[in-house]
Each structure stands twice: as structure tokens, then as C-alpha cells.
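Heads up: the structure comes next, in C-alpha cells.
Protein chains: 2
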Amino acid sequence: MAAGNDHQDIKREKILEASHQRFLHYGYSKTTMNEIAGDLSMSKALLYYYFPDKSQLYIAVMRKLSNDYLKVLEDHLDTFKNLKEAFVFQTNIHHDFIVSNYNFFDFFRLNEQNLPDTIWEIVNQVHSAELALLSKAVKTEIERGSIKPVDNPDELVDLLLDALHGIRVGALSQKKTNFPRKEHLEEIHDKKLLLIDIFIKGLMY
Amino acid sequence: MAAGNDHQDIKREKILEASHQRFLHYGYSKTTMNEIAGDLSMSKALLYYYFPDKSQLYIAVMRKLSNDYLKVLEDHLDTFKNLKEAFVFQTNIHHDFIVSNYNFFDFFRLNEQNLPDTIWEIVNQVHSAELALLSKAVKTEIERGSIKPVDNPDELVDLLLDALHGIRVGALSQKKTNFPRKEHLEEIHDKKLLLIDIFIKGLMY
DNA sequence: TTTTGATAGTTTTGTTAAAAAAGTCAGGAA
DNA sequence: TTCCTGACTTTTTTAACAAAACTATCAAAA
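Heads up: the protein sequence lines correspond to chains A and B, in order.
For the first sequence, counting from 1, position 63 maps to 63 in my numbering; every step adds exactly one.
Each position in the second sequence, counted from 1, maps to that position plus 1000 in my numbering.
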């Protein structure tokens, strides 16, 4: 029975990988269950044996990506000399994550307003984890005595994450799209680092 | 001939007012030229005598609103003791502007990605004006010696305006919509003021 | 110069049929 | 019992097209 579950898990993993590739290259609406099944040389019906429906499959891929992302954060975020390094690291990892999965998020751009609740649960889960980790970093820094004590570290980190999230390219007379274009990601990343620099200074004595 | 132009201007003004009301209550796509004409007890054809088409009419209203907004900024922005007051004032006025014209911007939410170029020209014009005014305030503050000199004040102000623009409500497990809902505007406003506070401190010695 | 009724042209909306894709299921293989 | 499939049903997307609603134009009147 344990062996059976192992095998099942491996198969699920294979399906997730194939799905990831398809979603990454063609986006959600342009990949069909038949194509994913074809890539794996299995029947479409088998996909439905492992996953209840297409959206759940997409969500499973997303959950996997999110967990990988959070894993990297958790593994490194304790190891920094100071708060700024922690935020810079988070922003760098986040940047890499978005760049390498850019097309995967076509789904977000298309549905925009009304995404399924489960998606939002994952987004919120990631956000909460980021918040907790960075909040901890803030507290550590306060104990070190290099920044002023604050009432509510969570609120503070939330504010900075929001502000960072809002950074868009807008080099004057440029249309600011609400979802950044791939070619602007580097510029946005640079601006984020600058914001972090100033923000953290604003917290110091 | 001068009198004729006066009369024409008054009429144009009346049309803009009526259009503003309609756009404010029902949004762009839900107001028809017939309705605007009806409100003014004139024929629809006359609207086309004064304005080339519907989108130009909307844009004319928007330009008027923008100019009013910029006027307030220009009139007051020289009168502040310090940089923070200037930014707080800008943010407050901006907040009031959005709150009182909220439904007018339905047009933005609907078209989202592909707004006509003329709209973007106005947006950029407003942004440039804000940038210039606040940039001047930064330079003044540097001369006063209360903040550190910076390479490029424009870039700095742009960064803060971007960051402020990105502030969204997100009180955990809340869906972050890209266009803020009316009921969240106050909370967003408060967060903006907090960000300004920290950001400006980050610029000080 | 200003205004309008009539009308031309365009976009939106609604309907329907065909095609494509999602999703189900009885039953066979391991 | 678990894993898997072909054939099938249901749902969604697409295309074509007519009706309705609305934008935009224009000759002619005030």
C-alpha cells in the first residue's frame, strides 16, 4: 500500500511537470487536457483519475511553485547580517520567480478580477509566509538595536511589501500596465532595491 | 465675434457639466449621447457640433477635472514648511479627487489595458506636473539642508509616487483588486501617509 | 452661426449551429 | 483493489448572422 502511494505520488509529480511546461509555454486557456495527456502518453481520463478538474491541476502546479519559492526564503532568511539584506534577498528571489514563470501567470492577466478562491488562498498563504519571515527579521533587527522599535512589525512589513508590489515601470509618457511586461521586469527590480534602501534608512535612528 | 465665442464657451461648459454628471453616475459605456442631449434639452446632433465624438467629450471632461486638480496643487505647494507636508498635501488632494470622482473612472476599469492614447497623454501630463512640483519641493528641502542631496530628485519622487500608487488594501486573506474599491480608499489613504512618513525619514541625515 | 430631424454607418446584443474541449463512466488490465 | 482506457455525454468556445441600439453625418431650417 505504501509502495502504491509512492507510485501514485511519482505519477502525480510527472503530471504536474508536464502541466507546468504546457501552462508555461501556452498559458491556461491554450493548453488542453488532451495535450497534457499526449505529452505523457496517457489517456485524458487518467488525468481525471489523479486530479478532479483542469483548474485544480493548474492550482496544484501553482501550489508546488509557491512551496518551492517559500522553501528558498525559509532556508536563507535566518542567515543575514541585517534587515536590508533580508529584504533584498526576498526581492531578488521573488524577481527570479516571476521571470522564470512569467507566462504561467497568463491565467492571472486573463481572468484578472474574478480568480477562483483557491488561487487567492495560495496568494494569501505566500503573502502570510513572507510577512512572518520578514516580520521576524524586523524584530531581530530591533533587538540588535539598529532600528527604532515599532508598534506593529507586521503592519510595517505589509506596507513595504505593498509599496514594492506597486512599483511599475513608468519612465514618463509610458503606459503603465497593471501587470508588468516581461521587458520591464529588470527596471522594476532596480527600482524596488532603491525603495528598500530608502525605506530601511527611514526605520533607523 | 468675441461675444459669439463667449456664448459658445458657455454652451461647451454646460455640455461638459451635464456629461460629467452622467459619466459620474453611470460610467462611460452606460451613458448615451441621447441622454446627455436630453438632460440639456438639446438635440444629439448639437453635441456633435461642439465635440467631434463621444470619447473626445469624455476626454474633455477628464481634462477639466485634471486641470482643477493640478490647479489646487500648484496654488498650495509652495506654501509648506517642509517636504513631508508637501507630500501629505498632494496625497490628501489626490485622495479627495479620487473619492469624489470615483465612478467617473469606470471607464478605466472597463478598458483597463487599451485606453486611447489621448487618455494616457492626460495621465502623463498630470504625472509630469506632480513630478515637477514635488521635485521642486525636494530641491528646496535639500537647500534647507534637512535631507541628504540626491543625484536625481525626479527619479526619487517618481519612485515614491509609484510606491504610493501601489498601496492596496490587503488586510490578509483579502483579495487585492488592481483597482481599489471605494470602501477601501480610506484605509489606503492612511497607509500612504505612513509610507510617506517612513520614506521621508529615510532621506534625512 | 446655431440648431435639428432624418438618416447613414457602426457597434453591441441575441440567436443558433457546429466544433472543440471538458468531464464521466463502464469495464479491462495489472 | 488500484490503475488505466475508449467511448460517451455535457459544457464551453467559435462562427455566422439578424435585430437592436447607438454613434456619427448632413442637408436644410431658424
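All residues carry an ideal CB built from backbone N, CA and C; glycine is no exception.
The structure displayed is predicted, hence computed values, not measured ones.
Asked, Found
"First and last residue of the uninterrupted alpha helix (DSSP H) at S1152 of chain B", "Note that residue 1152 of chain B is Asn in the sequence shown here, rather than Ser. Unbroken run through N1152 of chain B: none, as it is neither H nor E."
"Uninterrupted alpha helix (DSSP H) stretches inside the segment 1093-1159 of chain B (no shorter than 4 residues)", "1106-1111 and 1117-1144"
"V1126 of chain B versus L1073 of chain B: straight-line alpha-carbon distance, rounded", "11 Å"
"Residues that L195 of chain A contacts on chain B, provided the C-beta gap is smaller than 7 Å", "L1159 and A1163"
"Cβ contact (3+ pairs, closer than 8 Å) linking the segment 1139-1158 of chain B and the segment 1056-1066 of chain B", "no"
"I36 of chain A versus H76 of chain A: straight-line alpha-carbon distance, rounded", "35 Å"
"Residue-level contact to chain B via CB, F51 of chain A, 8 Å cutoff", "no"
"Anticipated Cβ contact below 8 Å, T1091 of chain B with K1182 of chain B, distance rounded", "With a Cβ gap of about 17 Å, T1091 of chain B and K1182 of chain B do not count as contacting."
"F179 of chain A versus S1043 of chain B: straight-line alpha-carbon distance, rounded", "42 Å"
"Alpha-carbon to alpha-carbon, D106 of chain A and G27 of chain A", "5 Å"
"Minimum Cβ-Cβ distance from L1203 of chain B to chain A less than 8 Å", "yes"
"M204 of chain A, DSSP secondary structure in three states", "strand"
"Interface partners of F206 of chain A on chain B, CB under 7 Å", "Outside the shown range of chain A (1 to 205) lies residue 206 of chain A, about which nothing can therefore be said."
"Short CB-CB distance (under 8 Å) between G38 of chain A and chain B", "no"
"Expected contact under 8 Å - CB spacing of F1097 of chain B and Y1069 of chain B to nearest Å", "5 Å"
"Neighbouring residues, chain A, relative to F1199 of chain B (Cβ below 7 Å)", "I198, F199 and G202"
"Which of helix, strand or coil DSSP assigns to A86 of chain A", "helix"
"Partners in chain A for G1145 of chain B, counting only beta-carbon separations shorter than 9 Å", "Result: empty, since nearest Cβ-Cβ is about 17 Å, beyond 9 Å."
"CB-CB length for N1101 of chain B against L1161 of chain B, believed under 8 Å", "With 8 Å as the limit, N1101 of chain B and L1161 of chain B do not qualify as a contact, their Cβ atoms being about 19 Å apart."
"Q56 of chain A versus V150 of chain A - alpha carbon distance", "41 Å"
"Residue environment, I1010 of chain B, which counts as buried when at least 16 other CB atoms sit within 10 Å", "exposed"
"Contact with chain B by K191 of chain A, beta-carbon distance below 8 Å", "yes"
"Assumed close pair I201 of chain A, G1202 of chain B - CB separation to whole angstroms, cut-off 8 Å", "It is worth fixing the name first, because residue 201 of chain A is Lys in this sequence and not Ile. Contact holds; Cβ gap of about 4 Å."
"R22 of chain A to K14 of chain A span [Cα, whole Å]", "13 Å"
"Whether D154 of chain A touches L133 of chain A by CB criterion (8 Å)", "no"
"Contact set for A18 of chain A: own chain, Cβ-Cβ below 8 Å, skip 5 residues either direction", "I36, D39 and L40"
"Under 8 Å between C-beta atoms of L1185 of chain B and L159 of chain A", "no"
"Neighbour-count burial assignment, A45 of chain A, 16 or more Cβ in a 10 Å radius", "exposed"
"Cβ neighbour criterion (16 or more within 10 Å) applied to H996 of chain B", "Not covered by the structure: residue 996 of chain B. The range shown for chain B is 1001 to 1205."
"Where L1047 of chain B falls, given that 16 or more other Cβ within 10 Å makes a residue buried", "buried"
"Extent of the continuous alpha helix (DSSP H) run through R208 of chain A", "Residue 208 of chain A cannot be examined here, being either before or after the span of chain A that is shown, 1 to 205."
"Residues that R1168 of chain B contacts on chain A, provided the C-beta gap is smaller than 9 Å", "D162, H165 and G166"
"Straight-line Cα distance separating K81 of chain A from N1124 of chain B", "41 Å"
"Proximity below 8 Å, CB of L1115 of chain B to CB of S1029 of chain B", "no"
"Spatial distance of V1138 of chain B from S1128 of chain B (CA atoms)", "15 Å"
"Neighbourhood of Q174 of chain A by C-beta distance below 8 Å, restricted to the same chain and skipping five residues each side", "Below a pLDDT of 50, predicted positions are generally treated as unreliable, and Q174 of chain A, at 48, falls in that range; the measurement from the model is reported next regardless. Correct list: empty, nothing qualifies."
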